[in-house]
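First up is the structure itself, then whatever we jot down about it.
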Amino acid sequence: MRNITRKLIGLSFGAALLAFCSVAVISVSAQDARIQFDLLKGMETTARDIVEVDLDGKLLDLAKRVTVKVKNDDARKIGEAISGLKGIYVRVYRFENENEYNVAAVDQLRAQLNAPGWERLANVRSKRNNQKVDVFTMFAGDVISGVAVIISESKSVAVINVIGPIDIETLVELSGRFNIPKIDVEHDKTPKRGTD
Amino acid sequence: MKEDYIWDKTGRDPDVERLEELLSVLRFKDHKEAAAHVIEFPSKTKRNLQPWIFAMAACVALAAAALAAWNLSMNAGDPPPVQMAVNIDEDGSSESAISNIDRSEASISKVSIPSPQRAVALKKRSEPLKRKYAAVSRKRQERSKLPALTEEEKYAYGQLMLALSITSSKWQVVQESINGVEEVSTNER
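As they're listed, the protein sequences go chains A and B.
This note's numbering puts the first residue of the first sequence at 320, with every later residue one more than the last.
This note's numbering puts the first residue of the second sequence at 2, with every later residue one more than the last.
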């Protein structure tokens, strides 16, 4: 009887330890998915337009609660798309002249994403506006724990860092509706050249 | 025979007496009798009253014509705000749009009754504005359905929407860039 009790205690302790470790691993990997934006601070002085959004913790929970409060199908969809979101960080800098920002800083930012855990999903280089598009993802098991998007052009830099799973396709579908304006902060309007 | 009868009626002069007798009917007898023979003309005041009446009537007619012309010119331009206000009321939309209307103009325009063709033309002109105000009204109704949010909630929600809108926009840029590269590579093949 004592042996059975000991075994049961040992098993439950082991299960608890396993659960704690898995939660810890997920939280650590989620924390790792955060990009350090300090490298971009120098751009704030030279940029013509700046958009900076840091949304996480209580503020994000508050915003999620609002999507539940609003009795609307689109709001419900948005709420579902961001239900697992832990944080979203956005930096957009637009400059008056070409190559007015420190390209090395953006390259260093990209170098952060060569760290283990990150996987490059897309890497596009175009001579048109010297465009460089990088998309990185981080997985915790089968679940996406982080997404990083870096788009740099001759006159603009945009960095998006999403912590936690997010259904971007739904958001793209919903863009232009329910106060998600279809904005394009720095999308180039020049006609495409076929031989880039 | 004295010759003084014709001067001071002393003595006698049958010829003169006979003439006097003949002309006696025309002798001045009395003021009243003389006044009876006077032809009476209408007094000056009565004679001058008629032009004044004509002038006043002409002025009134001119004023009425000017008022009518002004009213027509007001109706000839863009549809008056009153027309819009009436339409908005029919749609049951907001009252604030009506509050922007100049009441003095409204009171004048309300009196005018446009012809059926003109009414149709006015209605056609006011259609875009009707739609615009209907859209504003719908938005207000949607807003009124939103729950009361605190300042913190509004800020958080605004930040979230901004972040999501930029994210979705940039995701589209990524997709377009990838698609563009794929198109170029297939063309090269």
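C-beta atoms are modelled at their ideal positions from N, C-alpha and C, and glycine is treated no differently.
| query | Since Val372 of chain A and Leu150 of chain B are thought to touch, with beta carbons under 8 Å apart, how far apart are those beta carbons, to the nearest angstrom? | reply | The pair is not a contact, with the Cβ atoms about 19 Å apart (cut-off 8 Å).
| query | How would you label Lys405 of chain A, buried or exposed, when you count the other beta carbons within 10 angstroms and need 16 or more for buried? | reply | That one is buried.
| task | Determine the burial state of Asn480 of chain A: buried for a count of at least 16 other Cβ atoms within 10 Å of its Cβ, exposed for fewer. | result | By the neighbour-count definition (other C-beta atoms within 10 Å, threshold 16), Asn480 of chain A is a buried residue.
| request: Grab me the residues of Ile54 of chain B's own chain with a C-beta within less than 6 Å of its C-beta, minus the 5 sequence neighbours each way, in chain order. | output: none
| Taking Cβ positions, are Val468 of chain A and Val491 of chain A nearer each other than 9 Å? | no
| request: Thinking Ile401 of chain A and Trp172 of chain B are a contact (beta carbons under 8 Å), I'd like their distance in whole angstroms, please. | output: Not confirmed; about 14 Å, so no contact.
| query | Would Val411 of chain A pass as a contact of Ala477 of chain A if the rule is Cβ separation under 9 Å? | reply | yes
| query | With C-beta atoms as the reference, is Gly181 of chain B less than 9 Å away from Val443 of chain A? | reply | yes
| In three-state DSSP terms, what is Asp79 of chain B? | A caution first: Asp79 of chain B carries a pLDDT of 49, below 50, which makes its placement in the model too unreliable to give a value.
| Taking the DSSP output, what are the residues bridged to Ile482 of chain A? | A:Gly406 and A:Gly465
| Within the 9 Å Cβ cut-off, does Val137 of chain B reach chain A? | No, its Cβ sits nowhere closer than 9 Å to a Cβ of chain A.
| said: Which of the three DSSP states is assigned to Ile167 of chain B in this structure? | reply: helix
| Is it buried or exposed for Val387 of chain A, if we count other Cβ within 10 angstroms and need 16 for buried? | exposed
| Roughly how many angstroms separate the alpha carbons of Ala352 of chain A and Val175 of chain B, rounded to a whole number? | 20 Å
| task | Find the residues of chain B that neighbour Leu378 of chain A, judging by a C-beta separation of less than 9 Å, and give them in chain order. | result | Glu153, Tyr156, Ala157, Gln160 and Leu161
| message | Can you give me the C-alpha to C-alpha distance between Ala434 of chain A and Gln427 of chain A, rounded to a whole angstrom? | response | 12 Å
| said: For a quick check, are the C-beta atoms of Leu358 of chain A and Ala424 of chain A less than 9 Å apart? | reply: yes
| said: Quick check on Asp14 of chain B: does DSSP put it in helix, strand or coil? | reply: coil
| task | At 7 Å on the CB atoms, spell out the chain A contacts of Lys171 of chain B, in chain order. | result | Per Cβ cutoff of 7 Å: Val468, Ile470, Ala477 and Ile479.
| task | Please go through the same chain and pick out, in chain order, the residues whose beta-carbon is closer than 7 Å to the beta-carbon of Asp5 of chain B, but skip the five residues on each side of it. | result | The answer, listed in chain order, is Thr11 and Gly12.
| query | Which same chain residues, not among the five before or five after Phe414 of chain A, have their C-beta less than 7 Å away from its C-beta? | reply | Thr365, Ala366, Arg367, Tyr420, Lys474 and Ser475
| said: I need the straight-line Cα distance from Pro52 of chain B to Leu63 of chain B, nearest angstrom please. | reply: 16 Å
| Under 7 Å by beta carbon: chain B residues contacting Gln355 of chain A | Chain B residues near Gln355 of chain A: none, gap ~18 Å exceeds 7 Å.
| task | Please report the residue range of the alpha helix (DSSP H) in which Lys451 of chain A lies. | result | Segment Gln450 to Ala459 is the beta strand (DSSP E) holding Lys451 of chain A; no alpha helix (DSSP H) there.
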